[in-house]
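Asker:
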Amino acid sequence: MSAILPPTYDRTGRHGLTPEVTHDDAARFNFLTNLNVYLGQRVFPGIKQAFEKRVKPKHLARTGVDFTSHRDIRDEMRADPYYQAWAALRVNTMEMRQQAGRHVVLRQYDAMTEKIRAANAGKNTLQLDDKVTVPEYLSQVDNHWMPGSYYGEIVPGDAGAVASYEVGLFVTTAGSMSAFGDGAGRAIVKFVKERFPNFQPKRILDLGGAFGINSLPLAAAFPDAELVVMDVGAPALRYGHARAQSMGYTNVQFVQANGEHTNFPAESFDWIQTTMTLHETSANAVVNILKECQRLLKPGGLMLHLEQPNFAPETPLWERFTRDWDAWYNNEPFWAKFHTMNVFDLMADAGFARDTHFDGRAKADIEAGRYQPWAGTLSRHSPEQKAAMSQQESARKGEGWYLFGATKST
Amino acid sequence: MTNIDVNALANAKAKGERPYFFDDPAVERVLSITMAVAAEVAVLRERMDTIERLMESGTAVTKASIDAYKPDDNAARERQEWHAAYVARILRIIHQELQALEDESLNVSSKKLADAQADQ
Ligand SMILES: C[S@@+](CC[C@H](N)C(=O)[O-])C[C@H]1O[C@@H](n2cnc3c(N)ncnc32)[C@H](O)[C@@H]1O
Chain A
1 MSAILPPTYD RTGRHGLTPE VTHDDAARFN FLTNLNVYLG QRVFPGIKQA
51 FEKRVKPKHL ARTGVDFTSH RDIRDEMRAD PYYQAWAALR VNTMEMRQQA
101 GRHVVLRQYD AMTEKIRAAN AGKNTLQLDD KVTVPEYLSQ VDNHWMPGSY
151 YGEIVPGDAG AVASYEVGLF VTTAGSMSAF GDGAGRAIVK FVKERFPNFQ
201 PKRILDLGGA FGINSLPLAA AFPDAELVVM DVGAPALRYG HARAQSMGYT
251 NVQFVQANGE HTNFPAESFD WIQTTMTLHE TSANAVVNIL KECQRLLKPG
301 GLMLHLEQPN FAPETPLWER FTRDWDAWYN NEPFWAKFHT MNVFDLMADA
351 GFARDTHFDG RAKADIEAGR YQPWAGTLSR HSPEQKAAMS QQESARKGEG
401 WYLFGATKST
Chain B
411 MTNIDVNALA NAKAKGERPY FFDDPAVERV LSITMAVAAE VAVLRERMDT
461 IERLMESGTA VTKASIDAYK PDDNAARERQ EWHAAYVARI LRIIHQELQA
511 LEDESLNVSS KKLADAQADQ
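Listed in order, the protein sequences are those of chains A and B.
With my numbering as the guide, the letters of the first sequence map in order to residues 1 to 410.
With my numbering as the guide, the letters of the second sequence map in order to residues 411 to 530.
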């Protein structure tokens, strides 16, 4: 197994709102990226060994029966010293990324705040609504240890530290989200163009689009369409709108709303997208969001969701344990429940006819020519898979996702 | 200038109970501090590397030339290889614990051998 060497941080994409990153910031991000690669590729596979060689035999000796629940695996793994080291390092590395990214952004607070204010002033493409409240499922904990999340302000009316998410994304994903962090959006475009070659949407909604990092590829791929990036978090929208303006987009609006119940008129979109959003909501909210998609779509319109795949009845307990890990320890609590939900039943209950349902897989689409030719990237959610690939091969393949959706019957 | 405390805000605690994985939370604290220091050592090392490369190419070493430096493909590869070797070096004990787990024969106790022989 050859070790992956990730691309260097200076190969990340820059736009008009990218904060200044000094030599030492970039060096720190290079260290953290390599640390993440080492943890994913070298340390993480060992927790399975610790399970097979220590935790499971101890459990069998004590109870006489094999594990029947992945939560028992979780609780009994907690006593294993090897697992403890991996888990502690993983949480700590995420915290270090957040700290480093926040420092970059916050020490330039005044300059960035002014740039964002100037870019947004008087623009009707940014529509904030202070009657929109942050639902409890977003405010009870900060998802993925991101202080303030996508909605927290530092001074009222500002963009919080949302930009720090973009600054540090490369580190956690070891470049597998492409140079501009938009690998998921690029993958969605590829998927839609292949699956629906004649589809020419006029109005697209990215529900839970945050600052639009994965929305803009949709606007670029369909320049005649109008794209609405919608989120509950005003800071994310303020930063996203200024960012999109700086990149020259004129067909994108940023609108504050709750996707469970918006003020958009019925049948006003041809395509509604969610990207890594549903698993950060709640069981009720998912139902409400899908119903809202049914209301907002034009007949024949497309609904598409990008997530990690949910569990199948035959998904092994060990895989459930590693995949629910982010729910328990990366502050994404709904993910454990979401993993058990049947997305086809959910779509059917929301009024999408079963004969319009579809699903598929997509890999992050990594922009050619930006990373060094020798560089490899590592999937955050299945580091073992990437470890088996040659560096040349993996350089073109990023994080893997599951897509599911339906069309609204005419 | 907005009066914000950058260092405190950069360090802000995310909302949610932090999981401590070691039996003693003090171990977690020491690991966390050690890894932060390890990162800063890597930063210094990369800065030294940049200075060396600037000097080799006859470029004046200034704060500005250091911040503007972009490694070419070869230099970038050498620097990433250094990071990979460095991370492996500081996490050596974890690598060895895994090896010991995979191969029981690496765990023969010299103390037990010594006692057994001495008692014969
Ligand atoms: C993990 S982020 C994903 C952001 C973006 N789609 C991306 O690809 O990076 C989830 C986003 O969904 C938003 N969100 C969650 N529930 C929402 C709701 N009910 N209405 C609107 N936005 C919501 C959150 O505020 C957050 O910005």
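Every residue gets a Cβ at the ideal spot worked out from N, C-alpha and C, and that includes glycine.
Here the structure is a predicted model, which is why all the values come from computation and not from measurement.
Assuming Gly360(A) is part of the alpha helix (DSSP H), what are its boundary residues?
Answerer: The count along the first sequence starts at 1 and reaches residue 360(A) at position 360. Per DSSP, Gly360(A) belongs to no alpha helix (DSSP H); it is in the beta strand (DSSP E), 358-365.
Asker: Between the C-alpha atoms of Gly208(A) and His241(A), what's the straight-line distance to the nearest angstrom?
Answerer: Counted from its first residue, the first sequence places residue 208(A) at position 208. Counted from its first residue, the first sequence places residue 241(A) at position 241. In a straight line, the C-alpha of Gly208(A) is about 14 Å away from that of His241(A).
Asker: Tell me whether Gly376(A) is buried or exposed, calling it buried when 16 or more other Cβ atoms sit within 10 Å of its Cβ.
Answerer: Position 376 of the first sequence, counted from the start, is the residue given in the question as residue 376(A). Per the 10 Å Cβ criterion, buried.
Asker: Based on Cα-Cα distance, which residue from Phe254(A), Thr113(A), Gly46(A) lies nearest to Thr412(B)?
Answerer: As a working mapping, residue 412(B) is identified with position 2 in the second sequence. Selected option, being the one with the closest Cα: Thr113(A).
Asker: Mark Arg97(A) as exposed unless 16 or more other C-beta atoms lie within 10 angstroms of its C-beta, in which case mark it buried.
Answerer: The residue labelled residue 97(A) in the question sits at position 97 within the first sequence. Under this definition Arg97(A) is a buried residue.
Asker: Going by CA-CA distance only, name the one from Ala179(A), Gly157(A), Asp158(A) that's closest to Glu166(A).
Answerer: Counted from its first residue, the first sequence places residue 166(A) at position 166. Answer by Cα proximity: Ala179(A).
Asker: So Val416(B) contacts chain A; which residues on that side make the cut at Cβ distance below 8 Å?
Answerer: The residue given as residue 416(B) occupies position 6 in the second sequence. Scanning chain A for C-beta atoms nearer than 8 Å to the C-beta of Val416(B) yields His103, Leu106, Arg107, Tyr109, reported in chain order.
Asker: Ordered along the chain, which non-local residues of its own chain (more than five positions away) have a Cβ less than 6 Å from that of Ile47(A)?
Answerer: Walking along the first sequence from the start, residue 47(A) turns up at place 47. Taken in chain order, the residues that qualify are Tyr83, Trp86.
Asker: Is Ala411(A) near ligand 1 - that is, is its Cβ less than 7 Å away from at least one heavy atom of it?
Answerer: Any question about residue 411(A) goes unanswered here, given that chain A covers just 1 to 410.
Asker: Report the rounded CA-to-CA distance for Leu237(A) versus Ile154(A), giving the unit in angstroms.
Answerer: Along the first sequence, read from residue 1 onward, the residue named residue 237(A) stands at position 237. Along the first sequence, read from residue 1 onward, the residue named residue 154(A) stands at position 154. Cα-Cα distance, rounded: 15 Å.
Asker: Going by DSSP, which residues form a beta bridge with Ala406(A)?
Answerer: For the purposes of this step, residue 406(A) is taken as the residue at position 406 of the first sequence. Partner(s): Met303(A).
Asker: Express the C-alpha separation of Arg361(A) and Gln385(A) in angstroms, rounding to a whole number.
Answerer: Mapped onto the first sequence, residue 385(A) falls at position 385. Mapped onto the first sequence, residue 361(A) falls at position 361. Any reading at Gln385(A) must be qualified, since the residue scores a pLDDT of 47, below 50, and its modelled position is unreliable; no value is offered.
Asker: So, does the CB of Asn342(A) fall closer than 8 Å to a CB anywhere in chain B?
Answerer: Numbered from its first residue, the first sequence carries residue 342(A) at position 342. By this cut-off, Asn342(A) is not an interface position.
Asker: Verify the CB distance criterion: does Lys522(B) have a CB-CB separation below 8 Å to chain A?
Answerer: As a working mapping, residue 522(B) is identified with position 112 in the second sequence. No - not a single Cβ of chain A is within 8 Å of the one on Lys522(B).
Asker: Should Leu278(A) be flagged as near chain B, meaning a C-beta pair shorter than 8 Å?
Answerer: Start at 1 with the first residue of the first sequence, and residue 278(A) comes out as number 278. Chain B contact via Cβ: absent.
Asker: Check whether the Cβ of Arg489(B) lies closer than 8 Å to any Cβ atom in chain A.
Answerer: Mapped onto the second sequence, residue 489(B) falls at position 79. Judged by the 8 Å Cβ criterion, Arg489(B) is in contact with chain A.
Asker: Residues of chain A with CB closer than 7 Å to the CB of Ser442(B), please, in chain order.
Answerer: Position 32 of the second sequence, counted from the start, is the residue given in the question as residue 442(B). Ordered by position in chain A, the residues that pass the 7 Å Cβ test against Ser442(B) are Asn92.
Asker: If you drop the 5 nearest sequence neighbours on each side, which residues of the same chain put their C-beta closer than 6 Å to that of Gly16(A)?
Answerer: In the first sequence, counting from the first residue as 1, residue 16(A) sits at position 16. Excluding sequence neighbours, Gly16(A) sits near Ser246.
Asker: CA-CA distance, Lys298(A) and Leu218(A)?
Answerer: Indexing the first sequence from 1 puts residue 298(A) at position 298. Indexing the first sequence from 1 puts residue 218(A) at position 218. Each residue's Cα considered, the two are about 18 Å apart.
Asker: Using the beta-carbon count (16 or more within 10 Å), is Val447(B) buried or exposed?
Answerer: For the purposes of this step, residue 447(B) is identified with residue 37 of the second sequence, where counting begins at 1. Around the Cβ of Val447(B), a 10 Å sphere holds fewer than 16 other Cβ atoms; the residue is exposed.
Asker: Gln490(B) to Tyr496(B), Cα distance in whole Å?
Answerer: The residue given as residue 490(B) occupies position 80 in the second sequence. The residue given as residue 496(B) occupies position 86 in the second sequence. Their backbone Cα atoms lie some 10 Å apart in a straight line.
Asker: Residues of the stretch 5-19 of chain A in Cβ contact with chain B at a cutoff of 9 Å, in chain order, please.
Answerer: Leu5, Pro6, Pro7, Thr8, Asp10, Arg11
Asker: Name the residues in the stretch 317-341 of chain A whose C-beta lies less than 9 Å from a C-beta of chain B; which are they?
Answerer: Trp328, Tyr329, Asn331, Pro333
Asker: Can Pro135(A) be considered in contact with ligand 1, in the sense that its beta carbon sits closer than 7 Å to one or more heavy atoms?
Answerer: Here the question's residue 135(A) lines up with position 135 in the first sequence. Yes, since a heavy atom of ligand 1 falls inside the 7 Å radius drawn around the Cβ of Pro135(A).
Asker: Start and end of the beta strand (DSSP E) containing Phe254(A)?
Answerer: Here residue 254(A) corresponds to residue number 254 of the first sequence, with the count starting at 1. Looking at the DSSP string, the run of the beta strand (DSSP E) that includes Phe254(A) is 252-256.
Asker: Any chance the CB of Gly209(A) is under 7 Å from a heavy atom of ligand 1?
Answerer: Translated into the one-based positions of the first sequence, residue 209(A) becomes position 209. The answer is yes for Gly209(A).
Asker: From the DSSP secondary-structure annotation, give me the bridge partner or partners of Gly419(A).
Answerer: Since the displayed chain A opens at 1 and closes at 410, residue 419(A) lies outside it and no answer follows.
Asker: Ligand 1 and Val252(A): does any heavy atom of the ligand fall closer than 7 Å to the residue's C-beta?
Answerer: For the purposes of this step, residue 252(A) is identified with residue 252 of the first sequence, where counting begins at 1. The answer is no for Val252(A).
Asker: Closest to Val287(A) by C-alpha separation, out of Asn342(A), Ser176(A), Ala121(A), Leu205(A), would be which residue?
Answerer: Stepping through the first sequence from its first residue, residue 287(A) is reached at position 287. For the residues Asn342(A), Ser176(A), Ala121(A), Leu205(A), the minimum Cα distance to Val287(A) belongs to Asn342(A).
Asker: Can you give the beta carbon distance from Leu469(A) to Leu89(A), rounded, assuming they're within the 8 Å contact cut?
Answerer: Residue 469(A) is absent from the structure shown; chain A starts at 1 and stops at 410.
Asker: Give the interface partners of Tyr82(A) over in chain B, defined as CB-CB distance under 7 Å, in chain order.
Answerer: Counting from one through the first sequence, the residue named residue 82(A) turns up at place 82. What Tyr82(A) touches in chain B: Glu507, Leu508, Leu511.
Asker: Please classify Arg102(A): is it buried, with 16 or more other beta-carbons within 10 angstroms of its beta-carbon, or exposed?
Answerer: Counting from one through the first sequence, the residue named residue 102(A) turns up at place 102. Counting other Cβ atoms within 10 Å of its Cβ, Arg102(A) reaches 16 or more and is therefore classed as buried.
Asker: Buried or exposed, going by whether 16 or more other CB atoms sit within 10 Å of the CB of Thr12(A)?
Answerer: Position 12 of the first sequence, counted from the start, is the residue given in the question as residue 12(A). It is buried - the Cβ of Thr12(A) has at least 16 other Cβ atoms within 10 Å.
Asker: With which residues is Leu412(A) paired in a DSSP beta bridge?
Answerer: Here chain A comprises residues numbered 1 to 410, so residue 412(A) is not present and cannot be evaluated.
Asker: Can you tell me the Cα-Cα spacing of Asn417(B) and Val105(A), whole angstroms?
Answerer: As a working mapping, residue 417(B) is identified with position 7 in the second sequence. As a working mapping, residue 105(A) is identified with position 105 in the first sequence. Per the coordinates, the alpha-carbon of Asn417(B) lies some 11 Å from the alpha-carbon of Val105(A).
Asker: Please name the residue or residues paired with Glu226(A) in a DSSP beta bridge.
Answerer: As a working mapping, residue 226(A) is identified with position 226 in the first sequence. Its beta-bridge partners are Arg203(A).
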